[in-house]
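Data block below; observations after.
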Amino acid sequence: MASTTSNISEQSKNSTSFTSVKALSESPELTSIPPSFTFTRNPNDEIVTDPEDDDPIPIIDYSLLVSGTPEQRAKTIHNLGKACEQWGIFMLINHSVSKSVMEKMADQIFAFFNLTEDEKQEFAGKDVMEPIRYGTSFNVSMDKVLFWRDYLKIVVHPEFHSPDKPIGFRDATADYCERTWKVGRELLKGISENLGLEANYIDRTMDLESGLQMIAANLYPPCPQPELAMGIPPHSDHGLLNLLMQNGVSGLQVLHNGKWINVSSTPNCLLVLVSDHLEVMSNGKYKSVLHRAVVVSNKATRMSLAIVIAPSLDTVVEPAKELLDNEGNSAAYVGMKHKDYMQLQRSNKHYGKSVLDKVKI
Ligand SMILES: O=C(O)CCC(=O)C(=O)O
Ligand SMILES: [Fe+2]
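Note that our numbering has the sequence shown beginning at 501, numbered continuously upward.
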């Protein structure tokens with residue numbers, strides 16, 4: 501086992517090829533996790549609860565936003581704003597991505613991770629700007645501890661990329677991404693209005709015509725000591741919104757009012773997370789949500805699929821001028837080009853919201 505463990509850290513630091521957590525998890529002799537995967541937890545982070553009955557995770561009805569009466573739309577926009585301010589995460593129901601489209605996408609993600617290790621390694625990449633990147637852990641070049649997670653990240657907009665295998669992956673991804681992109685843009689119209697701006701404000705100023713859409717598929721294989729490992733450490737996402745689907749195995753937790761809260765995993769449900777660039781452009785009115793993926797099972801594989809809806813890479817993201825005045829509402833963040841923000845995230849060895857803190861005034 502020791503040799504596999506040292507291989508993991510050495511290989512992944514020095515070349516693009518690595519041992520996946522999936523391969524490690526499937527090795528018959530594995531009864532404990534290699535020491536490099538032991539995540540030291542802060543005791544304060546160990547208290548986790550379910551949402552209180554009187555403060556549930558907000559639910560937003562997408563159909564009312566796009567085809568409700570003017571009153572229903574206005575109420576939904578109000579609720580959307582409240583959800584972004586108070587939680588930074590909400591459950592989206594009655595959206596336009598059908599169950600069969602979601603299922604097809606989820607099946608293809610599993611099919612990708614079920615390719616042979618050699619086939620997957622073809623897509624192993626190091627640079628954050630590579631359009632297709634299969635990898636493991638969180639940020640291997642910086643991680644001192646390894647994380648119990650394999651991932652596949654693909655840029656799908658403004659230019660569509662896809663691995664050429666498994667069969668059917670490209671079509672399912674193109675369909676799913678086109679639909680979720682549309683959902684994301686509609687939500688951002690509602691959010692613009694909630695900020696008191698014209699509906700197309702975010703679309704226009706964030707240059708979403710050339711906006712960045714990425715998929716990040718995460719695989720958390722069964723783990724012999726789930727309580728010692730971590731899937732993804734606490735972090736917030738770059739971009740405006742993250743539309744997240746899970747496979748029914750739980751593991752996502754969000755920080756809400758200083759407490760870690762379990763987010764249940766309903767298959768085919770879309771969870772929407774407020775990301776860093778929405779915090780910046782709203783000048784802090786909305787806060788990106790701090791979240792983590794814990795490992796819960798020694799039997800089940802967890803899968804999550806994040807769709808990142810983000811400004812174009814050349815957009816300088818800064819607080820909307822319309823939200824600033826001379827009476828106490830001064831800019832709380834400096835502007836930074838989206839691609840520079842991504843590079844900063846990549847070169848950052850700390851978790852949490854430490855990248856966002858670098859642009860905070
Ligand atoms: O697995 C999850 O639920 C969270 C994934 C995540 O945070 C991410 O991909 O950025
Ligand atoms: Fe995330």
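Every residue gets a Cβ at the ideal spot worked out from N, C-alpha and C, and that includes glycine.
Small disclaimer: the values here were computed from a predicted structure and weren't measured.
Asked	Found
Would you mind reading off the limits of the beta strand (DSSP E) that contains T636?	632-636
How about L844 and V855: do their beta carbons lie closer than 7 Å?	yes
Report buried or exposed for C826, applying the criterion of at least 16 other Cβ atoms within 10 angstroms of its Cβ.	What sits at residue 826 in the sequence shown is Asn, not Cys. Exposed is the call here.
Give every residue of the same chain whose Cβ lies closer than 7 Å to the Cβ of S830, excluding the five residues on either side of it in the sequence, and list them in chain order.	L824
Using 7 Å as the threshold, is the C-beta distance between P734 and L790 below it?	yes
State buried or exposed for E698, treating a residue as buried only when at least 16 other CB atoms are found within 10 Å of its CB.	exposed
Can you tell me which of K839, V859, K858 puts its alpha carbon nearest to the alpha carbon of D627?	K839
Can you grab the Cα-Cα spacing for the pair V754 / S804, in whole Å?	15 Å
Taking 6 Å as the limit between beta carbons, can you name the residues of its chain near M706, skipping five residues before and five after?	P811, T815
Using only the alpha-carbon positions, how far apart do W681 and F638 sit?	25 Å
May I ask you to list the residues that DSSP assigns as paired with G852?	H735
Going residue by residue through the segment 562-629, where are the continuous beta strand (DSSP E) segments of at least 3 residues, counting only ones entirely within it?	589-593
For A716, is the beta carbon positioned less than 6 Å from some heavy atom of ligand 1?	yes
Please state the DSSP three-state secondary structure of N757.	coil
With 7 Å set as the bound, which would you pick, yes or no: does the beta-carbon of Q753 sit closer than that to a beta-carbon of chain C?	No chain C is part of this structure, which consists of one protein chain only.
Between the segment 768-784 and the segment 588-600, are three or more C-beta pairs nearer than 8 Å?	yes
Do P722 and S865 come within 7 Å of each other at the CB atom, strictly closer than that value?	With the chain represented from 501 up to 861, any question about residue 865 goes unanswered, as that position is not in the structure.
Kindly indicate which three-state DSSP category V707 falls into: helix, strand or coil?	Correcting the residue identity first, residue 707 is Asp in this sequence and not Val. Reduced to three states, the DSSP call for D707 is coil.
Would the beta-carbon of D737 be found less than 6 Å away from any heavy atom of ligand 1?	yes
Following the continuous beta strand (DSSP E) through A866, name the residue where it begins and the one where it ends.	Outside the shown range of the chain (501 to 861) lies residue 866, about which nothing can therefore be said.
Anyone know if the C-beta pair for M781 and A832 falls short of 7 Å?	no
To the nearest whole angstrom, what separates the beta carbons of A716 and V808, a pair I think is in contact under 8 Å?	7 Å
I want to check one thing, is the minimum distance from the CB of L752 to the heavy atoms of ligand 1 below 6 Å?	yes
With K682 as the anchor, note down where its alpha helix (DSSP H) starts and where it stops.	669-694
May I ask you to report which of helix, strand or coil DSSP gives H777?	helix
Between which residues of its own chain and Q621 is the CB-CB distance below 6 Å, once the five residues before and five after are set aside?	S517
When the Cα atoms are used, what is the spatial distance from P724 to L530?	7 Å
Name the two residues that bound the continuous beta strand (DSSP E) containing H661.	Note, H661: premise wrong, no beta strand (DSSP E); not H, not E.
Along the chain, where does the beta strand (DSSP E) that runs through Y720 open and close?	712-720
In chain order, what residues of the same chain have a beta carbon less than 6 Å from the beta carbon of A611, not counting five sequence neighbours either side?	P666
I'd like the list of long-range same chain contacts for R679, defined as Cβ closer than 7 Å, with 5 residues on each side in sequence excluded.	S596, V597, V601
Would you mind working out which of E693, L744, E546 sits nearest K582, comparing C-alpha positions?	E693
State yes or no: is the C-beta of S764 nearer than 6 Å to some heavy atom of ligand 1?	no
Between which two residues does the alpha helix (DSSP H) containing V521 stretch?	521-526
On the criterion of 16 or more Cβ atoms from any shown chain inside 10 Å, does A793 qualify as buried, or is it exposed?	buried
Can you find the residues in the same chain that come closer than 6 Å, C-beta to C-beta, to N783, ignoring five residues on each side of it along the sequence?	P819, L823, A832
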